[in-house]
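Peer 1:
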Amino acid sequence: MPKPRPKPQARGLATGLRAARKATDLTSTAVGDQLGWSQSTVSRIETGKRNASPDEVIAMLALYGVKGPERERLLSMARDADRSTWLETHQDRITTQAITLAEYESEAVELTLFDLILVPGLLQTVAYTRAMMNAGGVPVANIEPRVQQRMDRQRVLDQANPPHVKSILDEAVLHRRIGGKRVMAEQLRHLLAVAERSNIDLHVIPFDHGGHTGVAGAFVLARFKHGEPIVHVENLRSGLFLDERANVEPYENAVASMTAVALDPAASAKMVEEALARYERSE
Numbered sequence: 001m002p003k004p005r006p007k008p009q010a011r012g013l014a015t016g017l018r019a020a021r022k023a024t025d026l027t028s029t030a031v032g033d034q035l036g037w038s039q040s041t042v043s044r045i046e047t048g049k050r051n052a053s054p055d056e057v058i059a060m061l062a063l064y065g066v067k068g069p070e071r072e073r074l075l076s077m078a079r080d081a082d083r084s085t086w087l088e089t090h091q092d093r094i095t096t097q098a099i100t101l102a103e104y105e106s107e108a109v110e111l112t113l114f115d116l117i118l119v120p121g122l123l124q125t126v127a128y129t130r131a132m133m134n135a136g137g138v139p140v141a142n143i144e145p146r147v148q149q150r151m152d153r154q155r156v157l158d159q160a161n162p163p164h165v166k167s168i169l170d171e172a173v174l175h176r177r178i179g180g181k182r183v184m185a186e187q188l189r190h191l192l193a194v195a196e197r198s199n200i201d202l203h204v205i206p207f208d209h210g211g212h213t214g215v216a217g218a219f220v221l222a223r224f225k226h227g228e229p230i231v232h233v234e235n236l237r238s239g240l241f242l243d244e245r246a247n248v249e250p251y252e253n254a255v256a257s258m259t260a261v262a263l264d265p266a267a268s269a270k271m272v273e274e275a276l277a278r279y280e281r282s283e
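Position 92 of the sequence shown, counted from 1, bears residue number 92 in the UniProt record's numbering, the numbering being contiguous throughout.
(1) Taking only the alpha-carbon atoms, compute the straight-line gap between I200 and V165 and give it to the nearest angstrom.
(2) Between Q124 and R146, is the Cβ-Cβ spacing less than 8 Å?
(3) Find out if the Cβ-Cβ distance for the pair residue 341, V220 is shorter than 8 Å.
(4) Which parts of the region 68-125 are runs of the beta strand (DSSP E), unbroken and 3 residues or longer, counting only runs that do not cross its ends?
(5) Of the residues G179, D208, L63, which one's Cα is nearest the Cα of M271?
(6) Among residues of its own chain, excluding the 5 on either side of K49, which ones have a beta-carbon nearer than 7 Å to its beta-carbon?
(7) So F241 and V109 are supposed to be a Cβ contact under 8 Å. How far apart are they, rounded?
(8) Which same chain residues, not among the five before or five after A127, have their C-beta less than 7 Å away from its C-beta?
(9) When you compare the region 96-107 with the region 11-20, are there three or more beta-carbon pairs, one atom per stretch, that lie closer than 8 Å?
(10) Answer with buried or exposed for D170, where buried requires no fewer than 16 other C-beta atoms within 10 angstroms of its C-beta.
(11) Tell me the residue span of the beta strand (DSSP E) that contains V231.
(12) Strictly by DSSP, which residues pair up with D201?
(13) Report the residue from N51, A262, S167 whose alpha carbon sits nearest the alpha carbon of G121.
(14) Please work out which residues of its chain come closer than 8 Å, Cβ to Cβ, to P54, disregarding the five sequence neighbours upstream and downstream, and give them in chain order.
(15) Go through its chain and collect everything with a Cβ distance to V66's Cβ below 6 Å, but skip five positions before and after it.
(16) Can you tell me where the alpha helix (DSSP H) with L188 in it begins and where it stops?
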């Protein structure tokens, strides 16, 4: 029987510890030697396969010279590594959750992306992402690193065995002019292009349908070959991972409900084409 997938917060702690080590240019073998551990112990901690105790995290952070708020953040994650939810607040930086989400996406066999207002990150163009972050008040110095991180995430769509992606959009996504008419036209062309891939299904919920189960907000649902699915929800200043069955099931039900009322891929593509034509006529 496959071993249980690490809890999201344990995975995030592993990501943070790995980044802290790499910032010192120490190898995992060197860390093991200095702390009296095997290299495999360090490796298992850094991949989330073994939870690090608070005392072990204290030792690692002391070796890496990590102090202040970052030390307290990682220690707090170590204390709560077995929790079934992981809430992280942020201030426009590339978050540990963003890095952890990219790792989950690269391991998933199926991703469901739902959004009410925006094109999902995995399907965005550079110009659209940049315009969205400008409009969202992200500090100028933080925009390009975050744009690059988002583009790096998209490599999952080009890997040898990419996940099957179901993108469910409210029709509002097609009409919200992020970046203006030219940016939107480019974005919709890109959306049509990726929707032609055999592993990507695009569904649009038309305005005419009225309300639906996605009105509460955007989310990503990831399923894996082994282990339970996880959900990621992102807000203005926080992100939340859910992996407990009771918390994930309502999102699975919402996906089924929205798929039932959304247009099929062919009709959805036609709606995107119509929106694109309006942007092209007004350029």
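Glycine residues also receive a C-beta, built at the ideal position from the N, C-alpha and C atoms.
Note that the structure is predicted; figures quoted are calculated from it, not measured.
Peer 2: According to the structure data:
(1) Spanning the two alpha carbons is a distance of roughly 5 Å.
(2) No, the pair does not count as a contact, with Cβ atoms beyond the cut-off.
(3) In the structure as shown, the chain begins at 1 and stops at 283. Residue 341 is therefore absent and cannot be evaluated.
(4) Those beta strand (DSSP E) runs which fall completely within the region 68-125 and span 3+ residues are 85-89, 110-115.
(5) With distances taken between Cα atoms, M271 lies closest to D208.
(6) For K49, where only same-chain residues beyond five positions count, the Cβ hits under 7 Å are P6.
(7) Between V109 and F241 the Cβ distance is about 18 Å, and since that is not below 8 Å, they are no contact.
(8) Correct list, in chain order: G179, V183, E186.
(9) Verdict: yes, contact present.
(10) Per the 10 Å Cβ criterion, buried.
(11) In the DSSP assignment, V231 falls within the unbroken beta strand (DSSP E) covering 230-234.
(12) Beta bridge pairing from DSSP links D201 with K166.
(13) It is S167.
(14) For P54, same chain residues with a beta-carbon under 8 Å away, outside a window of 5 residues either side, are L75, A78, R79 in chain order.
(15) Cβ within range, chain order: A20.
(16) Here the alpha helix (DSSP H) through L188 covers 181-195.
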